[in-house]
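J.: Sequence positions in the sequence shown follow the numbering used here and run 164 to 357.
Ideal placement from N, C-alpha and C gives every residue a C-beta, glycine not left out.
Just so it is clear, the structure is predicted and the values come from calculations on it, not from any experiment.
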Amino acid sequence: MGIILLVLSFSTTPVLADAFQAALVSAALERTRHSVRYDGSYYSIAYPGGDVPSDIGVCTDVVIRSYRALNLDLQQLVHEDISKHFSEYPSARIWGLTRPDPNIDHRRVPNLQTFFTRHGTELPVTQNAADYQAGDLVTWMLPGNLPHIGIVTDRVSQNSGVPLVVHNIGTGPVVEDMLFHFRITGHYRYRPNQ
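1) Residues in the same chain with beta-carbon distance under 7 angstroms from Ser323, minus the five sequence neighbours each way, listed in chain order, please.
2) Tell me which same chain residues have a C-beta within less than 7 angstroms of the C-beta of Asp218, skipping the five on either side of it?
3) Answer yes or no: do Leu300 and Tyr351 have a C-beta to C-beta separation smaller than 8 angstroms?
4) List the DSSP bridge partners of Leu305.
5) Identify whether Ile245 lies in helix, strand or coil by the three-state DSSP scheme.
6) Gln238: which of Gln184, Asp214, Asn331 sits nearest, CA to CA?
7) According to DSSP, Pro326 sits in a beta bridge with which residue or residues?
8) Using 10 angstroms around the beta-carbon of Asn356, count the other beta-carbons present and answer buried if the total reaches 16, otherwise exposed.
9) Mind checking Pro216: buried by the 16 CB within 10 Å criterion, or exposed?
10) At what residues does the beta strand (DSSP E) containing Val338 begin and finish?
11) Locate the beta strand (DSSP E) running through Tyr351, then write down its first and last residues.
12) Around the C-beta of Gln276, are 16 or more other C-beta atoms found within 10 angstroms, so that it is buried, or is it exposed?
13) Give me whichever residues DSSP pairs with Thr334 in a beta bridge.
14) Check whether the segment 324-333 and the segment 222-238 touch, using three or more Cβ-Cβ pairs below 8 angstroms as the test.
15) How would you label Gln184, buried or exposed, when you count the other beta carbons within 10 angstroms and need 16 or more for buried?
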């Protein structure tokens, strides 16, 4: 798969550390072209490679679909890990589950946080925009104690100089200046063969 990335100096600041991160950012930005109704309902889906209907989704689906565009199936990766290390995940504590569920486990932010901590790089949470590279994953706690996740892009806000984030907070996948609008609970970098 060949990737061509055009980086305009006036619109970018975050460093693209490698081709994988560039491809992830491209895949995340492509998600913003889709009309997606916010819906976190439980669905029985195929495994592996399953997905909820393409016209619905939540914040985790932006991440899942972006990685899937790079041939990484977070549904399968999370399910395999949670199946072997169930007690390491918050499924019992938060949702009262007694076993893994490949229909939903990968669509829950706390599970993705655990997976990225176990298999990626957990990075410091700071209020310094320069610490967030394009392709990084960030989690937040929204008002009402709602976990959220997004992907840092190589674009920056003209007003604040802060990296823009692709996420779905209720109106479908968008790219916007929101990195520091909510309390950050996690900062991760995940690429294959890490």
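T.: According to the structure data:
1) Asp340
2) So the qualifying residues of the chain are Ser198, Val199, Arg200.
3) yes
4) Leu309
5) When secondary structure is reduced to three states using DSSP, Ile245 falls in the helix class.
6) Asp214
7) Val319
8) exposed
9) Burial is judged here by how many other beta carbons sit within 10 angstroms of a residue's own beta carbon; Pro216 has fewer than 16 and is exposed.
10) For Val338, the uninterrupted beta strand (DSSP E) segment begins and ends at 337-339.
11) 346-352
12) That one is buried.
13) Paired residues: none, contrary to the question.
14) With the cut-off at 8 angstroms, the segment 324-333 and the segment 222-238 touch.
15) buried
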